[in-house]
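Chemist: One structure follows; several queries about it will come next.
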Amino acid sequence: AQTVTQSQPEMSVQEAETVTLSCTYDTSESDYYLFWYKQPPSRQMILVIRQEAYKQQNATENRFSVNFQKAAKSFSLKISDSQLGDAAMYFCAYQNLANSKLTFGKGITLSVRP
Amino acid sequence: KAGVTQTPRYLIKTRGQQVTLSCSPISGHRSVSWYQQTPGQGLQFLFEYFSETQRNKGNFPGRFSGRQFSNSRSEMNVSTLELGDSALYLCASSLLADETQYFGPGTRLLVL
């Protein structure tokens with residue numbers, strides 16, 4: 001069974017600074033997707049970024065980028081120029097291509113200091 | 115394009131009752147998945163429907179069931195509610211079964 005681990009329960013960053021959220025996963029599959037989702041206090045789960053395992057290039061979406069290390073099974077999210085609106089819970093998730101089930105980590109609460 | 119919608123947004127039930135939650139996917143999306151979110155267990159996969167067929171099911175008791183209609187709208191039903199069923203129930207839709215999932219706002223269920 002696949003597992004996703006987010007070992008840091010909380011992190012804090014100063015506005016305009018950069019922060020990196022860590023995630024590791026375990027799988028025996030060679031092809032899969034990895035995601036970061038953001039869940040603000042409204043509880044709406046919002047897609048931040050997606051990485052396909054077969055792509056060596058790290059995904060980027062504006063201020064959000066990932067560091068995908070397939071051999072190490074590591075998938076970290078870097079948020080640049082942090083904004084107050086980035087404060088939320090962030091979940092790392094794994095998706096096996098054989099089915100659509102998402103396996104989530106326990107999440108990390110990010111706070112942004114003005 | 116309108117996002118995933120879920121109704122109702124909030125629900126209070128008592129133990130032993132049953133509840134039905136509804137999810138309307140993004141237009142054109144054919145796959146709908148359901149997740150339960152609790153503080154203790156985190157996010158757990160319930161089941162996934164694609165073209166009116168249940169493709170996958172998580173490790174939940176038979177009290178949890180679902181279905182999908184021809185217009186891709188989905189419902190999930192929980193019978194004989196227990197206190198532990200109190201949770202945020204999230205629905206997600208995707209274009210195809212193994213594509214990126216987009217989530218609705220959730221239904222918050224409180225069982226008293």
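These protein sequences, in sequence, are chains Y and X.
Numbering-wise, my numbering puts 55 at position 55 of the first sequence, and it's gapless, one number per residue.
Numbering-wise, my numbering puts 179 at position 65 of the second sequence, and it's gapless, one number per residue.
For every residue, glycine included, the Cβ atom is placed at its ideal position computed from N, Cα and C.
Short of 9 Å Cβ to Cβ, which residues in the region 101-113 of chain Y face chain X?
Modeler: Those would be Lys-101, Leu-102, Thr-103, Phe-104, Gly-105, Lys-106 and Gly-107, in chain order.
Chemist: Tell me whether the region 118-125 of chain X and the region 178-197 of chain X touch, counting them as touching only if at least three CB pairs, one residue from each stretch, are closer than 8 Å.
Modeler: Contact fails: fewer than three Cβ-Cβ distances are below 8 Å.
Chemist: Could you check whether Gln-95(Y) and Pro-219(X) sit closer than 7 Å to each other, using their CB atoms as the reference points?
Modeler: Cβ distance not < 7 Å, so Pro-219(X) and Gln-95(Y) don't count as in contact.
Chemist: Quick check: what's the CA-CA separation for Thr-3(Y) versus Ala-71(Y)?
Modeler: Near 16 Å, if we compare the C-alpha coordinates of Ala-71(Y) and Thr-3(Y).
Chemist: Do three or more CB pairs link the region 203-211 of chain X to the region 137-145 of chain X at distances below 8 Å?
Modeler: Result yes; three or more Cβ-Cβ pairs closer than 8 Å.
Chemist: If you count every other CB in all the chains shown that lies within 10 Å of the CB of Pro-139(X), and 16 or more means buried, which is it?
Modeler: So Pro-139(X) ends up on the buried side.
Chemist: Give, in chain order, every residue of the region 53-77 of chain Y whose Cβ lies closer than 8 Å to some Cβ of chain X.
Modeler: Within the region 53-77 of chain Y, no residue has a Cβ that lies closer than 8 Å to any Cβ of chain X.
Chemist: Quick check: the Cα distance between Asn-191(X) and Gln-151(X), rounded to an integer number of angstroms?
Modeler: Cα to Cα, Asn-191(X) sits roughly 16 Å from Gln-151(X).
Chemist: Just list the residues that DSSP pairs Gln-182(X) with in beta bridges.
Modeler: The partner list for Gln-182(X) (beta bridge, DSSP) reads Ser-188(X).
Chemist: Beta-carbon separation of Gln-182(X) and Tyr-203(X) under 7 Å?
Modeler: Contact: no.
Chemist: If I follow the unbroken beta strand (DSSP E) through Glu-196(X), where does it start and stop?
Modeler: Here Glu-196(X) belongs to no beta strand (DSSP E), and DSSP marks it neither H nor E.
Chemist: Within a Cβ cutoff of 8 Å, which residues of the same chain sit near Phe-178(X), ignoring the five residues on either side of it in sequence?
Modeler: Leu-160, Phe-161, Met-190, Asn-191 and Val-192, listed in sequence order.
Chemist: Considering Cα atoms alone, identify which of Glu-17(Y), Glu-15(Y), Ala-1(Y) and Leu-21(Y) is closest to Ser-7(Y).
Modeler: When only C-alpha atoms are compared, the closest one is Leu-21(Y).
Chemist: Does any residue of chain X bring its CB to less than 7 Å from the CB of Gln-6(Y)?
Modeler: Cβ-Cβ to chain X under 7 Å: no for Gln-6(Y).
Chemist: Would you kindly work out how many angstroms separate the C-alpha atoms of Gln-69(Y) and Ser-30(Y), rounded to a whole number?
Modeler: Roughly 13 Å between the two C-alpha positions.
Chemist: Identify, in the order they occur along the chain, each residue of the same chain with its Cβ nearer than 8 Å to the Cβ of Ala-93(Y), setting aside the five sequence neighbours on each side.
Modeler: Correct list, in chain order: Val-4, Leu-34, Phe-35, Trp-36, Tyr-37, Leu-102, Thr-103, Phe-104 and Gly-105.
Chemist: Under DSSP, the beta strand (DSSP E) around Tyr-32(Y) begins and ends at which residues?
Modeler: Start and end: 32-39.
Chemist: Would you decide whether Leu-197(X) is buried or exposed? Buried here means 16 or more other CB atoms lie within 10 Å of its CB.
Modeler: With fewer than 16 other Cβ atoms within 10 Å, it is exposed.
Chemist: Please say whether Val-13(Y) and Ser-82(Y) have beta carbons closer to each other than 7 Å?
Modeler: Yes; because the gap between Cβ atoms is below 7 Å, this pair is in contact.
Chemist: From this set, Asp-86(Y), Val-66(Y), Ser-111(Y) and Pro-9(Y), which residue's C-alpha is nearest Gly-156(X)'s C-alpha?
Modeler: Ranking Asp-86(Y), Val-66(Y), Ser-111(Y) and Pro-9(Y) by Cα distance to Gly-156(X) puts Pro-9(Y) first.
Chemist: Taking all protein chains shown into account, do 16 or more other C-beta atoms lie within 10 angstroms of the C-beta of Leu-84(Y), making it buried, or fewer, making it exposed?
Modeler: Exposed: under 16 other Cβ atoms inside 10 Å.
Chemist: Just the C-alpha distance for Gln-57(Y) and Phe-217(X), rounded to the nearest angstrom, thanks.
Modeler: If you take the alpha carbons of Gln-57(Y) and Phe-217(X), they lie about 26 Å apart.
Chemist: Quick one: what does DSSP say Leu-204(X) is sitting in, helix, strand or coil?
Modeler: Leu-204(X) falls in the strand class under three-state DSSP.
Chemist: Check distances from the C-beta atoms of the region 133-166 of chain X to those of chain Y and list, in chain order, the residues that come in under 7 Å.
Modeler: For the region 133-166 of chain X, which is checked against every Cβ of chain Y, the residues closer than 7 Å are Ser-145, Ser-147, Gly-156, Leu-157, Phe-159 and Glu-162.
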